[in-house]
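For reference, the structure discussed in these notes is given below.
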Amino acid sequence: EDSRISETVYHGAYPAFERDGLVFAYMGPPEEKPEFPEYDIYRFPKDTRLVPFSNLYSCNWLQVNENLMDHHHTGLLHNNMTVESVDDRMKDGLNFPDTFTGMLPIMDWEKTRNGHGMCFMAGRRVSDDVVWTRISEHIFPNLIQVSSLFSTASAFRHGTICLSRWHVPVDDTRCILFGWRHFNAEIDPNGEGNEDDCGYDKIDFVDGQCERPYDIGQRAPGDWEAINGQRPIAVHALENAASTDAGVYMCRKLLRELVRGETPPDMSRGMNGNHGQTLHSYARDVTYRLPRHPDPKEDHETIKAMGRRVYRIVAEADAIASTERKAYIVNRLDELDGGLPDAAE
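To convert, note that position 337 of the sequence shown is 805 in this note's numbering; the numbers rise steadily by one, no gaps.
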């Protein structure tokens with residue numbers, strides 16, 4: 469009790485802080501400590517609640533990290549890929565809403581943030597007159613921002629997201645995914661999400677995001693089985709790549725360039741903390757009018773081209789103040805097709 473050691477001896481430590489149930493640490497030189505990257509979707513819409521969760525994976529972090537850019541798998545893995553003996557309840561728990569699985573997405577990818585990130589544009593025809601473009605973003609090295617995961621994803625235009633997730637390596641063959649589920653009336657107007665199902669090694673997403681009994685995983689595989697099943701460290705030389713894997717290979721290329729110091733600075737970081745401004749997110753769901761072309765091939769190419777136009781509208785809004793960015797993008801999209809309902813209306 470009388471010792472003064474506690475007053476005179478200090479143990480080195482990294483600065484850390486807690487935010488909405490997650491603890492963040494800075495582990496670089498003290499003089500280079502940046503501000504916490506505050507993205508607009510952490511604050512908007514104003515009713516957003518950030519609920520923490522985690523998922524544990526028994527494999528190298530890279531193969532989990534690049535899974536987002538393999539969005540084509542949603543129409544395959546999450547579309548009744550089970551054995552016949554699996555009951556309907558288990559099937560439904562693994563499947564994406566019909567909006568996602570009714571047709572395979574028309575994919576495209578784009579480098580963002582001067583090479584410090586990338587996003588995919590996934591186009592799906594909703595009807596003879598309407599197309600839905602889904603954009604999700606990967607911010608290097610390990611943050612992903614995922615747009616809607618609900619049945620209403622194709623019903624509105626909205627610029628918010630369903631989850632933010634950091635893929636954190638533990639060692640060469642283990643990693644932990646830490647994240648926030650975003651709960652608000654814009655991303656989930658029908659209240660399909662469940663905050664109580666988010667927490668340690670669980671999330672209110674399709675089943676198969678964490679380890680389950682082996683026999684269940686074999687009969688009804690999810691993301692956990694598909695990703696861990698590539699070995700603890702996936703062997704790239706054994707891959708049989710297809711055109712739908714272009715996003716995965718682009719992700720690897722951009723990460724290699726970052727590691728080698730070949731990537732120019734991320735100028736978007738300069739906006740952070742600039743008179744209350746937040747960093748901009750590209751992830752969103754955009755529904756727009758586009759009459760079906762009678763030629764399926766032409767229709768495919770038109771949907772892909774429109775996806776790039778939607779992305780360019782979102783990207784050009786980088787110069788707009790955070791509080792005005794949503795209105796700017798909606799107005800530009802209205803110019804594109806004459807206007808469709810917004811989720812907030």
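Every residue gets a Cβ at the ideal spot worked out from N, C-alpha and C, and that includes glycine.
### Query
Taking C-beta to C-beta, are H580 and G591 nearer than 8 Å?
Reading the sequence as shown, one finds Thr at residue 580 and not His. Against a cut-off of 8 Å, the Cβ pair of G591 and T580 comes out as no contact.
### Query
First and last residue of the beta strand (DSSP E) that includes I612?
I612 -> beta strand (DSSP E) spans 611 to 614.
### Query
For D753, which residues does DSSP report across the bridge?
D753 is bridged by DSSP to R602, H626.
### Query
How many Å lie between L490 and F512 at the Cα?
Counting only the Cα atoms, F512 lies some 19 Å from L490.
### Message
Rounded to whole angstroms, what is the Cα-Cα separation between W529 and Q698?
### Response
Approximately 12 Å, taken between the alpha carbons.
### Message
Could you tell me which whole alpha helix (DSSP H) segments of length 4 or greater appear in the region 675 to 715?
### Response
Listed in chain order, the complete alpha helix (DSSP H) runs (minimum 4 residues) inside the region 675 to 715 are 682 to 687, 691 to 696.
### Query
In this structure, does DSSP put L723 in helix, strand or coil?
If DSSP states are grouped into helix, strand and coil, L723 belongs with the helices.
### Query
Which residue comes first and which comes last in the alpha helix (DSSP H) that contains D805?
For D805, the enclosing alpha helix (DSSP H) has its first and last residue at 790 to 805.
### Task
Using 7 Å as the cut-off, classify the Cβ of V598 as near or not near the heavy atoms of the ligand MN, replying yes or no.
Ligands are entirely absent from the displayed structure, and the ligand MN is therefore not among its contents.
### Task
Reducing DSSP to helix, strand and coil, say where T476 ends up.
Here DSSP, grouped into helix, strand and coil, assigns T476 to helix.
### Query
How many Å lie between D810 and R793 at the Cα?
Only weak support exists for where D810 lies, its pLDDT of 49 falling under 50; the coordinates are left without a value.
### Task
Evaluate contact between the region 531 to 539 and the region 507 to 521, counting only Cβ atoms and requiring at least three cross-stretch pairs below 8 Å.
Contact fails: fewer than three Cβ-Cβ distances are below 8 Å.
### Message
What does the Cβ neighbour count give for Y682, buried or exposed, with the cut at 16 atoms within 10 Å?
### Response
Label assigned to Y682: exposed.
### Task
Kindly list the residues whose CB is nearer than 8 Å to the CB of T770, restricted to its own chain and excluding five residues on each side of it in sequence; keep chain order.
Answer for T770: L758, H761, listed in chain order.
### Query
Does the Cβ-Cβ distance between D538 and R776 come in under 8 Å?
No; because the gap between Cβ atoms is not below 8 Å, this pair is not in contact.
### Query
DSSP puts A590 in a beta bridge; with which residues?
A590 is bridged to M575, R602.
### Message
Assuming Y507 is part of the alpha helix (DSSP H), what are its boundary residues?
### Response
In the DSSP annotation of this structure, Y507 is not part of any alpha helix (DSSP H), being labelled neither H nor E.
### Task
Report, in whole angstroms, the separation of the C-beta atoms of F646 and V636, which I expect to be a contact under 8 Å.
Yes, F646 and V636 are in contact; Cβ-Cβ is about 6 Å, under 8 Å.
### Message
In the DSSP output, what is T580 paired with across the bridge?
### Response
Within the DSSP bridge table, the entry for T580 names G585 as partners.
### Query
Quick one: what's got a C-beta closer than 7 Å to T476's C-beta in the same chain, skipping five residues either side?
The beta carbon of T476 lies closer than 7 Å to none in the same chain, with the five residues before and after it left out.
### H748 and D805 closer than 8 Å at C-beta
At least 8 Å separates the beta-carbon of H748 from that of D805.
### Task
Buried or exposed for Q613, please, with buried defined as at least 16 other CB atoms from any protein chain shown within 10 angstroms of its CB.
Around the beta carbon of Q613, a 10 Å sphere encloses 16 or more other beta carbons of the protein chains shown; the residue is thus reported as buried.
### Task
Just tell me which of M495, S622, D802, Y510 has its CA closest to the CA of L631.
The candidate whose alpha carbon is nearest that of L631 is Y510.
### Query
Whose C-alpha, out of G690, H650, L536, is nearest the C-alpha of L545?
When G690, H650, L536 are compared, the shortest CA-CA separation from L545 is found for G690.
### Meets three-Cβ-pair contact criterion under 8 Å: the region 713 to 724 and the region 582 to 596
Yes, since at least three Cβ pairs between the region 713 to 724 and the region 582 to 596 fall closer than 8 Å, the two stretches touch.
#### Entry: Cβ-based burial, E605 [other Cβ within 10 Å; buried from 16]
Buried: at least 16 other Cβ atoms inside 10 Å.
### Query
Taking DSSP as the reference, what is the three-state secondary structure of I607?
Correct three-state label for I607: strand.
### Task
Just the C-alpha distance for E506 and D672, rounded to the nearest angstrom, thanks.
If you take the alpha carbons of E506 and D672, they lie about 24 Å apart.
### Message
Let's test the definition: count the other Cβ atoms within 10 Å of the Cβ of I701 and tell me whether it reaches 16, buried, or not, exposed.
### Response
Here I701 is exposed. Its C-beta has fewer than 16 other C-beta atoms within 10 Å.
### Message
Would L723 and P609 qualify as a contact pair, given that the criterion is a beta-carbon distance under 8 Å?
### Response
Contact flag set, yes.
### Enclosing beta strand (DSSP E) for H635 [first to last residue]
In the DSSP assignment, H635 falls within the unbroken beta strand (DSSP E) covering 631 to 639.
### Message
Please list the terminal residues of the continuous beta strand (DSSP E) segment that includes P520.
### Response
517 to 525 is the extent of the beta strand (DSSP E) around P520.
### Query
Is V798 near I603, with beta carbons less than 8 Å apart?
Contact: no.
#### Entry: Alpha-carbon spacing of S790 relative to T755, whole angstroms
Taking the straight line joining both Cα atoms gives about 22 Å.
### Query
Per DSSP, V491 is paired with what?
According to DSSP, which records beta bridges pairwise, V491 is partnered with E486.
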